[in-house]
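Visitor:
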Amino acid sequence: MNPKQKKLLTRIIVALVLFVIIEVAAQTGILRAAFGTPGDVYAEFALFLIPYLIAGYDVIAGALRGLVHGHALDEDFLMTVATFGAFALVLFPDTEPHMAEGAAVMLFFQVGELFQSYAVDKSRQSIADMMDIAPEYANVMEEGKQKQVDPFELAPDDEFIVMPGERIPLDGTVLTGESQIDTAALTGESVPRTARPGDEVISGCVNLTAKLVVRATKPFEDSTVSRILELVENAAEKKARTENFITRFARVYTPIVVGVAAVLAIVPPLLFGGQWSDWILRGLTFLVVSCPCALVISVPLSFFGGIGGASRLGILVKGSNYLEALGSTETVVFDKTGTLTDGTFSVTELVCAPGVSKAELAGIAAAAETFSTHPIAQSVRAYRDSLTTDARPDSDNDANLAQPDSDSTTTGARPGSSSTTTAERVRDVREISGQGVEAVVDGRNVLVGNGKLMAAHDIAFTATDVPGTVLYVAADGTYLGAIVIADTVKPDAARAIADLRAAGVKKTVMLTGDRTPVARAVAAELGIDEVHAELLPQDKVAEVEALLAQTERDTNGKGKLAFVGDGINDAPVLTRADIGIAMGAMGSDAAIEAADIVLMNDDPDDIARAIHLARRTMGIVWQNIVFALGVKFAVLVLAAFGIANMWMAVFADVGVAVIAILNAMRAMNVKRYLD
Numbered sequence: 002m003n004p005k006q007k008k009l010l011t012r013i014i015v016a017l018v019l020f021v022i023i024e025v026a027a028q029t030g031i032l033r034a035a036f037g038t039p040g041d042v043y044a045e046f047a048l049f050l051i052p053y054l055i056a057g058y059d060v061i062a063g064a065l066r067g068l069v070h071g072h073a074l075d076e077d078f079l080m081t082v083a084t085f086g087a088f089a090l091v092l093f094p095d096t097e098p099h100m101a102e103g104a105a106v107m108l109f110f111q112v113g114e115l116f117q118s119y120a121v122d123k124s125r126q127s128i129a130d131m132m133d134i135a136p137e138y139a140n141v142m143e144e145g146k147q148k149q150v151d152p153f154e155l156a157p158d159d160e161f162i163v164m165p166g167e168r169i170p171l172d173g174t175v176l177t178g179e180s181q182i183d184t185a186a187l188t189g190e191s192v193p194r195t196a197r198p199g200d201e202v203i204s205g206c207v208n209l210t211a212k213l214v215v216r217a218t219k220p221f222e223d224s225t226v227s228r229i230l231e232l233v234e235n236a237a238e239k240k241a242r243t244e245n246f247i248t249r250f251a252r253v254y255t256p257i258v259v260g261v262a263a264v265l266a267i268v269p270p271l272l273f274g275g276q277w278s279d280w281i282l283r284g285l286t287f288l289v290v291s292c293p294c295a296l297v298i299s300v301p302l303s304f305f306g307g308i309g310g311a312s313r314l315g316i317l318v319k320g321s322n323y324l325e326a327l328g329s330t331e332t333v334v335f336d337k338t339g340t341l342t343d344g345t346f347s348v349t350e351l352v353c354a355p356g357v358s359k360a361e362l363a364g365i366a367a368a369a370e371t372f373s374t375h376p377i378a379q380s381v382r383a384y385r386d387s388l389t390t391d392a393r394p395d396s397d398n399d400a401n402l403a404q405p406d407s408d409s410t411t412t413g414a415r416p417g418s419s420s421t422t423t424a425e426r427v428r429d430v431r432e433i434s435g436q437g438v439e440a441v442v443d444g445r446n447v448l449v450g451n452g453k454l455m456a457a458h459d460i461a462f463t464a465t466d467v468p469g470t471v472l473y474v475a476a477d478g479t480y481l482g483a484i485v486i487a488d489t490v491k492p493d494a495a496r497a498i499a500d501l502r503a504a505g506v507k508k509t510v511m512l513t514g515d516r517t518p519v520a521r522a523v524a525a526e527l528g529i530d531e532v533h534a535e536l537l538p539q540d541k542v543a544e545v546e547a548l549l550a551q552t553e554r555d556t557n558g559k560g561k562l563a564f565v566g567d568g569i570n571d572a573p574v575l576t577r578a579d580i581g582i583a584m585g586a587m588g589s590d591a592a593i594e595a596a597d598i599v600l601m602n603d604d605p606d607d608i609a610r611a612i613h614l615a616r617r618t619m620g621i622v623w624q625n626i627v628f629a630l631g632v633k634f635a636v637l638v639l640a641a642f643g644i645a646n647m648w649m650a651v652f653a654d655v656g657v658a659v660i661a662i663l664n665a666m667r668a669m670n671v672k673r674y675l676d
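Sequential numbering of the sequence shown, starting at 2, is according to my numbering.
#1: With P605 and A440 assumed to form a contact (beta carbons below 8 Å), what rounded beta-carbon distance in angstroms separates them?
#2: Return the chain-ordered list of same chain residues with a C-beta closer than 8 Å to the C-beta of P198, the five sequence neighbours on each side being excluded.
#3: What residue from P468, G469, T470, G450 has the CA that sits closest to F462's CA?
#4: Looking at the unbroken alpha helix (DSSP H) that takes in N140, where does it start and where does it end?
#5: Which word fits Q149, buried or exposed, when buried means at least 16 other C-beta atoms lie within 10 angstroms of its C-beta?
#6: In this structure, how does DSSP classify E160 when only helix, strand and coil are distinguished?
#7: Quick one: is P136 buried, meaning 16 or more other Cβ sit within 10 Å of its Cβ, or exposed?
#8: Using three-state DSSP, classify P55 as helix, strand or coil.
#9: Whose CA, out of V42, V15, I484, lies closest to the CA of Q28?
#10: On a Cα-Cα basis, can you pick out the residue from A56, M80, I55 that is closest to G67?
#11: For the region 329–349 against the region 474–481, do three or more pairs of beta-carbon atoms, one drawn from each stretch, fall closer than 8 Å, so that the two count as touching?
#12: Which value, in whole angstroms, describes the spacing of the CA atoms of A35 and P52?
#13: Quick one: using the 10 Å Cβ neighbour count with 16 as the cut-off for buried, is R168 buried or exposed?
#14: Can you pull the DSSP bridge partners for M511?
#15: Return the CA-CA distance between M584 and L317, expressed in angstroms with no decimal places.
#16: Quick check on this structure: which residue in R242, R283, E526 has the alpha carbon closest to the alpha carbon of K337?
#17: My parser needs the alpha helix (DSSP H) runs of 4 or more residues fully inside the region 249–302; what are they?
#18: Can you give me the Cβ contacts of C292 inside the same chain, cut-off strictly under 6 Å, excluding the 5 residues immediately before and after it?
#19: Is P193 closer than 8 Å to P170 when the C-beta atoms are compared?
#20: Please determine, among E331, A263, D386, S373, the residue with the shortest C-alpha to C-alpha distance to R554.
#21: Can you grab the Cα-Cα spacing for the pair V289 / K561, in whole Å?
#22: Would you check if the distance between the CB atom of L296 and the CB atom of A629 is smaller than 8 Å?
#23: Is T38 buried or exposed, if buried means 16 or more other CB atoms sit within 10 Å of its CB?
#24: Between R521 and V532, what straight-line distance do the alpha-carbon atoms span, to the nearest angstrom?
#25: Classify D343 as helix, strand or coil using the three-state DSSP reduction.
#26: Note the first and the last residue of the continuous alpha helix (DSSP H) segment covering A461.
#27: Taking the continuous alpha helix (DSSP H) assigned at L663, which residues delimit it?
#28: Got a sec? Which residues, its chain only, sit under 7 Å from L265 by beta carbon, not counting five neighbours each side?
#29: What is the DSSP secondary structure of A440, counted as helix, strand or coil?
#30: Name the two residues that bound the continuous beta strand (DSSP E) containing D183.
#31: Since A360 and L472 are thought to touch, with beta carbons under 8 Å apart, how far apart are those beta carbons, to the nearest angstrom?
#32: First and last residue of the beta strand (DSSP E) that includes G566?
#33: Excluding the 5 residues preceding and the 5 following A504 in the sequence, name in chain order all residues of the same chain whose CB lies nearer than 6 Å to its CB.
#34: Could you check how far apart the C-beta atoms of V442 and A383 are, in whole angstroms? I think they sit under 8 Å.
#35: Does the structure place the region 446–460 close enough to the region 430–437 that three or more beta carbon pairs sit under 8 Å?
#36: What does DSSP give as the partner residues of V318 in its beta bridges?
Written out as structure tokens, the structure is:
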């Protein structure tokens with residue numbers, strides 16, 4: 002508890018002890034024996050006023066401030082009027098005294114306020130603990146000594162040192178050192194990652210095992226940690242429609258019930274000869290019941306708890322409006338590369354011509370691609386290197402892998418070699434736009450490219466329909482085989498699609514600029530319902546527009562569409578969708594700016610977790626709304642007919658608020674999603 006809460010708790014305990022003593026004295030006749038009749042009533046009035054003021058002086062002060070500033074109809078005003086009225090009934094000699102109820106209402110109202118304050122603080126603290134990632138300093142070298150400076154003082158290209166146990170202050174690139182990095186505070190990932198020279202590291206993570214020297218790539222204000230903290234701080238400003246409805250409802254509801262209470266207290270005695278004290282008591286009870294604090298507190302707390310719970314899973318939600326929309330998601334649209342696939346090309350299959358080994362095919366192709374920086378060329382060279390560093394020859398490898406090529410001009414060099422002499426064996430490299438590359442490798446004229454390249458040189462080749470980018474290889478006019486290169490599907494992608502269906506998503510769609518056969522193969526492997534391929538960025542926007550219209554028709558405007566992209570080149574689509582979700586885009590300015598939700602742990606399954614959490618949060622919100630309004634309206638009716646007393650009113654206000662808050666706090670519990 003904070004000091005303010007501890008002070009309120011002390012006041013409540015003191016007031017409660019005094020209340021119990023006075024109530025016992027009143028019920029056992031001690032006051033009557035001491036003060037006689039009707040002196041005991043006035044003694045009760047004076048004595049119960051003490052715990053009443055100890056517990057509620059700040060509520061009374063708040064009501065007075067509200068009157069002065071023109072904001073009278075709030076919960077402080079309702080409680081003050083109702084409890085003052087209960088004490089004022091002492092002016093009616095023929096009425097049972099109600100000072101005890103007046104003091105009790107104020108006492109338990111403060112208990113509810115304390116509980117609400119504690120619950121809200123706990124929810125905020127859970128987010129603060131999860132997002133306690135702001136580094137306090139950065140280590141730099143000055144005049145040969147290590148010095149601590151404010152991270153704001155560093156600029157891009159400045160070098161800083163991160164010692165074991167310290168947080169990384171800025172986004173940067175590792176220059177020297179190798180260490181384990183704890184990313185749990187940002188991604189929710191429990192397994193540390195290894196950072197080596199050349200690797201990118203992000204601010205807010207903890208260096209675990211060894212000293213690192215890092216070169217900053219961004220100033221602190223643009224770093225990942227700074228942007229994340231800004232998102233969390235601003236999340237409360239973007240309220241859900243349900244929250245806005247409750248706020249508007251309370252503004253209309255409170256004046257109405259105050260007016261009804263006034264009518265209930267005045268009209269029957271005035272027009273129908275009812276007993277003033279009886280109808281005033283009904284009106285006061287009506288006021289206590291009508292306090293909307295259960296809704297005003299529990300609904301925002303539910304959304305805040307949901308956002309906090311999402312943060313524990315490494316899911317940043319920019320506002321409760323996006324959490325609410327996510328709970329209504331019916332269609333999820335995916336980008337392919339970097340979202341459902343790793344975004345890195347690799348050799349998936351080699352189709353060798355008769356008499357050609359995999360090592361020979363890969364070696365000749367990699368040699369021809371020696372000077373290319375294209376990702377496809379890099380993947381071919383990486384595959385060649387994996388063959389040459391494997392101590393166990395491939396089952397198809399023959400003397401080409403174990404012995405030097407007979408045409409090699411360098412001792413020990415061979416088509417499969419990854420040594421630095423490879424570049425010396427390659428000459429006359431010529432890239433042919435839209436077709437491939439032509440080069441002389443070890444004196445042989447080598448062609449590596451698509452079917453157009455083979456046809457242009459009249460080389461008979463066997464076309465392959467294996468999904469992926471196909472490189473056909475020929476040497477001296479002879480077809481050697483084909484190398485299939487594809488972007489590998491993420492291991493959890495298929496399970497993520499299945500989990501989305503389990504979460505209630507009706508339709509999954511993939512949009513990609515990749516070739517149609519590749520896109521269809523990935524969609525079939527993952528179980529995606531619909532695929533659109535060979536799209537330019539503007540085509541993706543058009544497809545999303547059509548899908549939005551279709552989703553609205555199919556769900557009568559109730560369903561939402563979420564687009565999941567890598568956050569770098571999908572900003573227009575992320576912005577256009579009902580909910581834009583950035584996958585694996587930590588540090589990407591495009592993702593943080595365009596997306597409504599950022600999945601920091603590059604895990605496709607987090608989408609289903611986020612939808613489950615959003616729907617659970619919305620369920621809790623509506624449970625609280627129905628429960629609070631149901632109980633309040635029932636007791637309001639009973640109060641109007643004189644059946645409900647002040648103690649029932651206390652339950653309908655404080656009791657309902659406490660139960661609703663307890664229910665709202667369930668939104669923060671995400672243990673079920675942490676498996």
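A virtual CB, placed ideally from N, CA and C, is assigned to each residue, including glycine.
Guide: Working from what's here:
#1: Taking a contact as a CB-CB distance under 8 Å, the pair P605 and A440 does not count as one, their CB atoms being some 40 Å apart.
#2: Once the five neighbours on either side are set aside, the close Cβ partners of P198 are V175, L176, T177, G178, E179.
#3: Nearest option by C-alpha distance: G450.
#4: Run containing N140: none in the alpha helix (DSSP H); it sits in the beta strand (DSSP E), 139–143.
#5: Burial call: exposed.
#6: Assigned with DSSP and collapsed to three states, E160 falls in strand.
#7: Buried.
#8: According to the sequence displayed, residue 55 carries Ile and not Pro. Under the three-state reduction of DSSP, I55 is assigned to helix.
#9: Answer by Cα proximity: V42.
#10: For G67, the closest C-alpha among the options A56, M80, I55 is that of M80.
#11: The region 329–349 is not in contact with the region 474–481.
#12: Cα to Cα, A35 sits roughly 20 Å from P52.
#13: Burial of R168 is indicated by the presence of at least 16 other C-beta atoms within 10 angstroms of its C-beta.
#14: Note: M511 sits in a beta bridge opposite F335, V532.
#15: Each residue's alpha carbon lies about 11 Å from the other.
#16: Closest by alpha carbon: E526.
#17: DSSP runs (the alpha helix (DSSP H)) wholly in the region 249–302: 277–291.
#18: The beta carbon of C292 is closer than 6 Å to those of E76, L79, D654 in its chain, skipping five residues each way along the sequence.
#19: Against a cut-off of 8 Å, the Cβ pair of P193 and P170 comes out as no contact.
#20: Of the listed residues, the one whose Cα sits closest to R554 is E331.
#21: Straight-line Cα distance between these residues: approximately 40 Å.
#22: Going by C-beta atoms, L296 is nearer than 8 Å to A629.
#23: Exposed, because fewer than 16 other Cβ atoms sit within 10 Å of the Cβ of T38.
#24: Those two C-alpha atoms are separated by around 7 Å.
#25: Collapsing the DSSP output to three states places D343 in a strand.
#26: Annotation: A461 is outside any alpha helix (DSSP H) and is labelled neither H nor E by DSSP.
#27: That run of the alpha helix (DSSP H) goes 657–665.
#28: By the criterion of a C-beta distance shorter than 7 Å, L265 is surrounded in its chain by W280, R283, G284, F287, A641, once the five residues flanking it on both sides are discounted.
#29: It is a strand residue.
#30: Going by DSSP, D183 is part of the beta strand (DSSP E) stretching over 180–183.
#31: Rounded, the Cβ-Cβ distance is 16 Å, inconsistent with contact.
#32: G566 -> beta strand (DSSP E) spans 561–566.
#33: Same-chain partners within the cutoff: A609, I612, H613.
#34: Actually they do not touch by this definition, with Cβ atoms about 18 Å apart.
#35: Segments in contact, yes.
#36: I598.
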